[in-house]
Amino acid sequence: MGWEILETGERLPPWAVCGINTNGKEGGMNKDFNKFAGTESYLTSPELRHAVNVSVALGRPLLVKGEPGTGKTLLAHAVVEDLSLELIAWNVKSTSKAADGLYLYDTVQRLQDSRFGDRQVSDIRQYIKLGPLGRALTSDKQVVLLIDEIDKADLEFPNDLLHELDMMEFSVIETGDRHVAKSRPIVVITSNAEKELPDAFLRRCVFHYIHFPERKLMADIVRVHHPEVGKKLLEQCLQKFYQIRSLDGLRKRPSTSELIDWIGALLQAGISRSEVAQAIPFLGTLIKRKEDYDVVEQGGTSSTRSHSMW
Ligand SMILES: Nc1ncnc2c1ncn2[C@@H]1O[C@H](COP(=O)(O)OP(=O)(O)OP(=O)(O)O)[C@@H](O)[C@H]1O
Ligand SMILES: [Mg+2]
Numbered sequence: 001m002g003w004e005i006l007e008t009g010e011r012l013p014p015w016a017v018c019g020i021n022t023n024g025k026e027g028g029m030n031k032d033f034n035k036f037a038g039t040e041s042y043l044t045s046p047e048l049r050h051a052v053n054v055s056v057a058l059g060r061p062l063l064v065k066g067e068p069g070t071g072k073t074l075l076a077h078a079v080v081e082d083l084s085l086e087l088i089a090w091n092v093k094s095t096s097k098a099a100d101g102l103y104l105y106d107t108v109q110r111l112q113d114s115r116f117g118d119r120q121v122s123d124i125r126q127y128i129k130l131g132p133l134g135r136a137l138t139s140d141k142q143v144v145l146l147i148d149e150i151d152k153a154d155l156e157f158p159n160d161l162l163h164e165l166d167m168m169e170f171s172v173i174e175t176g177d178r179h180v181a182k183s184r185p186i187v188v189i190t191s192n193a194e195k196e197l198p199d200a201f202l203r204r205c206v207f208h209y210i211h212f213p214e215r216k217l218m219a220d221i222v223r224v225h226h227p228e229v230g231k232k233l234l235e236q237c238l239q240k241f242y243q244i245r246s247l248d249g250l251r252k253r254p255s256t257s258e259l260i261d262w263i264g265a266l267l268q269a270g271i272s273r274s275e276v277a278q279a280i281p282f283l284g285t286l287i288k289r290k291e292d293y294d295v296v297e298q299g300g301t302s303s304t305r306s307h308s309m310w
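If you count the sequence shown from 1, position 159 lands on 159 in our numbering, and the numbers rise without skipping.
See the structure below:
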């Protein structure tokens with residue numbers, strides 16, 4: 001297997017795409033190690049399961065990358081379901097600051113209380129509002145902390161989390177309280193690779209690239225969402241779907257979630273297998289850019305054009 005070149009231009013060696021090379025074997029491993037096994041509604045490759053279990057065993061965050069719609073966010077929900085833990089989600093925005101994830105000191109409320117005499121304002125602790133990371137580190141029980149789309153924030157964001165993610169502890173400066181996690185949270189961090197993450201941050205994580213599902217796994221994923229889909233219609237849809245994805249010149253290739261939407265629309269409209277064979281009904285569920293519409297209609301860019309494709 002050669003190096004994989006991602007849409008972002010990043011190059012991944014085969015071992016990074018596959019995660020740990022266990023040749024797909026899970027038997028023979030320590031039972032306690034194999035904690036996460038996927039769920040009925042979230043289907044995983046063995047490599048992704050290993051990555052989660054390594055992250056849990058080492059107590060290190062799992063950094064998951066992959067094309068949009070390949071189940072990065074859903075993975076945290078699946079870990080929650082499979083291990084029966086609570087989820088704390090932190091949806092990162094371009095304006096997010098790492099410190100806000102720990103706690104906010106609500107000075108405005110305190111000022112108001114002091115003006116209107118509602119509360120005993122000298123007790124600062126009541127104005128400390130824990131953020132998602134703060135709640136995960138102060139929880140009595142182990143939780144799953146999802147830090148979703150870390151690459152949306154600026155570069156300082158991951159750098160500012162190094163200490164907390166390493167030591168799983170933080171202090172509230174205003175009160176002097178120090179909190180040490182009773183049980184290290186399972187941390188799942190997702191990234192769409194919009195920005196490079198700093199090396200010091202990467203060093204502290206277990207990495208997994210969610211490889212785009214091959215046909216067999218994809219068929220199973222679709223069946224989870226649309227158990228009523230007929231075998232022949234599904235085969236036809238998958239053939240068209242992978243053909244579209246292979247077209248040269250597409251700026252945004254359709255992904256798992258778009259395939260699920262497409263098949264959902266076909267089922268609701270009662271479209272038959274032969275109709276899908278002749279055309280691509282509801283293309284707007286798969287293709288989201290005008291330029292990509294043109295590429296699909298032409299069967300690829302001029303260099304790869306093949307009118308017989310559809
Ligand atoms: N392995 C899977 N098993 C079941 N459903 C899946 C799987 N992967 C993706 N899906 C479907 O795709 C949808 C999108 O998944 P999710 O939101 O986790 O993607 P994402 O990788 O986080 O995308 P983005 O980068 O755009 O946030 C899910 O709601 C689910 O319907
Ligand atoms: Mg997501």
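Backbone N, C-alpha and C define an ideal beta-carbon position, used for all residues, glycine too.
If residue i sits next to residue j, beta carbons under 8 Å apart, how far is it from one beta carbon to the other, in whole angstroms?
i: alanine 136; j: leucine 145; result: 4 Å
i: serine 191; j: leucine 63; result: 7 Å
i: asparagine 91; j: aspartate 148; result: 5 Å
i: threonine 39; j: glutamate 86; result: Going by Cβ atoms, the distance from threonine 39 to glutamate 86 rounds to 16 Å, so no, they are not a contact pair.
i: glutamate 169; j: alanine 181; result: 7 Å
i: glycine 59; j: glycine 101; result: About 19 Å separates the two Cβ atoms, so there is no contact after all.
Out of the options, point me to the one whose CA is closest to residue i's CA.
i: aspartate 199; options: Gly249, Leu155 and Ser257; result: Leu155
i: lysine 129; options: Gly284, Tyr105 and Asp123; result: Tyr105
i: histidine 50; options: Glu235, Ser41 and Lys31; result: Lys31
i: isoleucine 88; options: Gln142, Arg253, Lys252 and Gln298; result: Gln142
i: alanine 78; options: Met29, Val188 and Leu161; result: Val188
i: arginine 251; options: Ile287, Gly101 and Glu196; result: Ile287
i: valine 54; options: Gln236, Phe33, Ser246 and Glu235; result: Phe33
i: arginine 204; options: Pro46, Val108 and Pro158; result: Pro158
i: threonine 44; options: Asp294, His163, Lys72 and Ser122; result: Lys72
i: lysine 239; options: Asp248, Ala269 and Arg215; result: The displayed chain sequence assigns glutamine, not lysine, to residue 239. That would be Arg215, whose Cα lies nearest to the Cα of glutamine 239.
i: arginine 110; options: Ser122, Pro132 and Ile280; result: Ser122
i: phenylalanine 201; options: Arg253, Lys35, Asp113 and His163; result: His163
i: alanine 265; options: Leu247, Thr285 and Gly131; result: Thr285
i: tyrosine 103; options: Gly117, Thr138, Ile260 and Arg119; result: Thr138
i: glycine 131; options: Pro185, Ala99, Arg289 and Ala76; result: Ala99
i: glutamate 228; options: Ile260, Phe241, Leu217 and Gly249; result: Ile260
i: isoleucine 165; options: Lys35, Ser246 and Pro61; result: The sequence as given places leucine at residue 165; isoleucine does not occur at that position. Among Lys35, Ser246 and Pro61, the Cα nearest to that of leucine 165 belongs to Pro61.
i: valine 206; options: Ala57, Ala37, Met29 and Gln243; result: Ala57
i: aspartate 83; options: Glu291, Gly299 and Val52; result: First, the amino acid is wrong: residue 83 is leucine here, not aspartate. Nearest option by C-alpha distance: Val52.
i: cysteine 237; options: Leu283, Ile263 and Gln268; result: Ile263
i: threonine 70; options: Arg245, Tyr127, Arg119 and Ser257; result: Ser257
i: isoleucine 150; options: Met29, Ser272, Asp294 and Leu197; result: Leu197
i: leucine 75; options: Leu267, Pro185 and Ser41; result: Ser41
i: aspartate 242; options: Ile186, Val108 and Val296; result: In the sequence as displayed, the identity of residue 242 is tyrosine instead of aspartate. Among Ile186, Val108 and Val296, the Cα nearest to that of tyrosine 242 belongs to Val296.
i: serine 246; options: Gly270, Pro281 and Asp292; result: Asp292
i: arginine 125; options: Arg115, Thr107, Gly117 and Asp140; result: Thr107
i: serine 183; options: Ile271, Asp140 and Leu217; result: Asp140
i: aspartate 294; options: Leu267, Phe36, Gly249 and Pro281; result: Gly249
i: leucine 217; options: Ala269, Pro46, Asp113 and Phe282; result: Pro46
i: isoleucine 244; options: Leu48, Gly270, Gly299 and Pro185; result: Gly299
i: histidine 179; options: Gly270, Ser171 and Phe282; result: Ser171
i: arginine 253; options: Leu283, Ala269, Ile271 and Gly270; result: Leu283
Consider the C-beta atom of residue i and the heavy atoms of ligand 3; say whether any pair is separated by less than 7 Å.
i: proline 254; result: Looking for ligand 3 in the displayed structure turns up nothing; the ligands present are ligand 1 and ligand 2.
Would residue i count as contacting chain D if we go by Cβ distances under 8 Å?
i: serine 139; result: Reference to chain D is not applicable here, since this structure consists of a single protein chain.
Quiz prompt | Residues proximal to ligand 2 by C-beta, any heavy atom closer than 7 Å | solution = Lys72, Thr73, Asp148, Glu149 and Thr190
Exercise. Examine the Cβ distances between the stretch 216-225 and the stretch 92-103 and report whether three or more of them are shorter than 8 Å.
Key: no
Quiz item: If you scan the stretch 126-189 from start to end, which runs of the beta strand (DSSP E) of 3 or more residues do you find wholly inside it?
Solution: Taken in chain order, the unbroken stretches of beta strand (DSSP E) that lie wholly in the stretch 126-189 and span 3 residues or more are 128-130, 143-148, 169-172 and 177-180.
Self-check item: Contact the stretch 165-179 vs the stretch 224-238: 3+ CB pairs below 8 Å
Solution: The stretch 165-179 vs the stretch 224-238: no contact.
Quiz item: How do the stretch 60-74 and the stretch 199-214 stand: do at least 3 beta-carbon pairs fall below 8 Å, yes or no?
Solution: Counting C-beta pairs with one atom in each stretch, the stretch 60-74 and the stretch 199-214 have three or more that are closer than 8 Å, which means they touch.
Quiz prompt | Runs of beta strand (DSSP E) wholly within the stretch 47-98 (minimum 3 residues, chain order) | solution = 62-65 and 86-91
Self-check item: Unbroken stretches of the beta strand (DSSP E), 3 residues or longer, contained in the stretch 185-238
Solution: 186-191 and 206-209
Quiz item: How about the stretch 233-247 and the stretch 266-280: do they share at least three Cβ pairs that are nearer than 8 Å?
Solution: yes
Quiz item: Fully enclosed by the stretch 245-300, which beta strand (DSSP E) runs are 3 residues long or longer?
Solution: none
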